[in-house]
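Residue numbers (the numbering used here): 8 to 289. Here is the structure we will look at, set down as C-alpha cells.
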Amino acid sequence: MDRASLFKGPAIGLGTWQMGERASAAGAEVAAILHALERGIRLIDTAEMYADGESERRVGEALKHWGVARREAITLVTKVLPHNASRDGTVRACEDSLRRLGVDYVDVYLLHWQGSHAFERTLEGFAALRERGLIRHWGVSNFDVSPLQRWLDTEARLGLASGCATNQVYYSLLARGPEFDLLPAMAEQHMPLMAYTPLGSGALARDKRLAAIAAPLGVTAAQLALAWVIRSGQVVAIPKSSHPARIDENLAAAELTLTPEVLKQIDALFVPPVRKVSLAMV
Ligand SMILES: NC(=O)c1ccc[n+]([C@@H]2O[C@H](COP(=O)([O-])OP(=O)(O)OC[C@H]3O[C@@H](n4cnc5c(N)ncnc54)[C@H](OP(=O)(O)O)[C@@H]3O)[C@@H](O)[C@H]2O)c1
Numbered sequence: 008m009d010r011a012s013l014f015k016g017p018a019i020g021l022g023t024w025q026m027g028e029r030a031s032a033a034g035a036e037v038a039a040i041l042h043a044l045e046r047g048i049r050l051i052d053t054a055e056m057y058a059d060g061e062s063e064r065r066v067g068e069a070l071k072h073w074g075v076a077r078r079e080a081i082t083l084v085t086k087v088l089p090h091n092a093s094r095d096g097t098v099r100a101c102e103d104s105l106r107r108l109g110v111d112y113v114d115v116y117l118l119h120w121q122g123s124h125a126f127e128r129t130l131e132g133f134a135a136l137r138e139r140g141l142i143r144h145w146g147v148s149n150f151d152v153s154p155l156q157r158w159l160d161t162e163a164r165l166g167l168a169s170g171c172a173t174n175q176v177y178y179s180l181l182a183r184g185p186e187f188d189l190l191p192a193m194a195e196q197h198m199p200l201m202a203y204t205p206l207g208s209g210a211l212a213r214d215k216r217l218a219a220i221a222a223p224l225g226v227t228a229a230q231l232a233l234a235w236v237i238r239s240g241q242v243v244a245i246p247k248s249s250h251p252a253r254i255d256e257n258l259a260a261a262e263l264t265l266t267p268e269v270l271k272q273i274d275a276l277f278v279p280p281v282r283k284v285s286l287a288m289v
C-alpha cells in the first residue's frame, strides 16, 4: 500500500507522547490536537502506553469536539504494548484504547515494539480485530530489517500476506540509519515508513547549523528537518507539539521541496550512513 492510500492528508501528522501527563495541561493539549485537525493535519499518533492511556483520552476529547461526522477524514494510530500482545491481550488492549478514544475503530494499530509474545499470537489478535471492524490496518513499530522480514514471513504463513501496513521507527537527521537498509526494504514492500521523533525531541529545532541553512530559504530549522524526513514521498512524520503556532510551523513543512544543493548542505552536517546501523529507539 502506498503512503497516500494509507495516510490521509499531508505527510506531517501529530504525535502525542507526553500529552496526558499533567491534569493542568489538559485544556491546552486538547486544544492543540483540535487545532491540528482544524489546520489540516489528518494523522494523529498515540499509544496505550502514553501517560497510561491519558494521551488517548486527550485525543478522544479533541475528536469529540471535532465531530464524529468528520472521523472518517482522520488516520488514527494507536499501539498495543508488547506485554499485552498475546492474541486475547491484543484484542482487550484495543477495546480499551477504543473506549478511551471514544471511537468505533482505529485506522492503524501497531505493535509498539517486539516483546516475548510470538508474532503468530499478536497477528491472530490483529486479524480478529480487523474481522470485527475494530481496526482498519495493523503494523509494527521499532522493527529493524530482520524482525520485519520475520513478521512478514509469519503473516504469509498465516495467510495474512500484505497485512503489515507500516513500520513506525525513529528516523530523523540525528538517526539516519534506516536509509541504509530499512527504507529500501520497506520500499520494496510498498510500505510507508512513519518517522517518530523527527525533530530529535526538539534538538533539531534548536540546531544553529541547520537554522543557518534554513534562514536563506525563509524557513525554520524545524521545518527544514521535517521537510527532509518526508522528502522521499515514502515517509510520514509525526512531530509532537502542544503549541498551536509550532503545529502550524511544522505542518507548513509538508509544502517544502528541497533542492539537491540544500540536500548536499544537510548531508555535510548530518552524514548519511555508509554501513548497517542498528535501529535506534527513543
Ligand atoms: N513508536 C515509538 O516507539 C515512539 C517513540 C517515540 C515517539 N513516538 C511518537 O512520535 C511522536 C514524536 O516524537 P517525540 O515527541 O519523541 O519528539 P519530536 O516530535 O521529535 O519532538 C517533540 C519536542 O519538540 C518540541 N517541538 C515541536 N515542534 C517544535 C517547533 N516547531 N519548534 C521548537 N520545538 C518544537 C516539542 O515541544 P512542545 O510540545 O512544547 O512544542 C517537544 O518537546 C511522539 O509524540 C509519539 O507520538 C513513537
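Ideal Cβ positions, reconstructed from N, Cα and C, are used throughout, including at glycine. Keep in mind the model is a prediction, meaning the values are calculated, not measured.
### Message
As an exercise, report each continuous beta strand (DSSP E) stretch of at least 3 residues that is fully enclosed by the stretch 197 to 234, in chain order.
### Response
200 to 203
Please report the residue range of the beta strand (DSSP E) in which Asn174 lies. 171 to 177
Task: Proximity to Glu28 [Cα-Cα], best of Val87, Glu61, Arg128 - done: When each option's Cα is compared against that of Glu28, the closest is Glu61.
- prompt: Would you say the beta carbon of Gln196 comes nearer than 7 Å to a heavy atom of ligand 1?
  reply: no
Discussion item. Tell me the rounded alpha-carbon separation between Ala39 and Gly184.
Written reply: Using only the alpha carbons, I get a separation of about 31 Å.
_Given 7 Å as the limit, tell me if Leu88 has its C-beta closer than that to any heavy atom belonging to ligand 1._
no
Whose C-beta lies closer than 6 Å to the C-beta of Thr97 among residues of the same chain, with five residues either side of it excluded? Val87, Thr129, Gly132
**Asked** What's the call for Ala275, buried or exposed, on a 16-neighbour Cβ count within 10 Å?
**Response** exposed
Where Glu268 and Glu262 are concerned, what is the direct C-alpha to C-alpha distance, given to the nearest angstrom? So the two alpha carbons sit approximately 18 Å from each other.
| task | Would you kindly work out how many angstroms separate the C-alpha atoms of Lys71 and Ser12, rounded to a whole number? | result | 25 Å
query: Taking C-beta to C-beta, are Leu200 and Val242 nearer than 8 Å?
result: yes
Taking 7 Å as the cut-off, is the C-beta of Asp52 nearer than that to any heavy atom in ligand 1? Yes - ligand 1 has a heavy atom lying nearer than 7 Å to the Cβ of Asp52.
message = Can you tell me whether Tyr112 is helix, strand or coil according to DSSP?
response = coil
Margin query: Taking only three categories from DSSP, how would you classify Asp59?
Written below: helix
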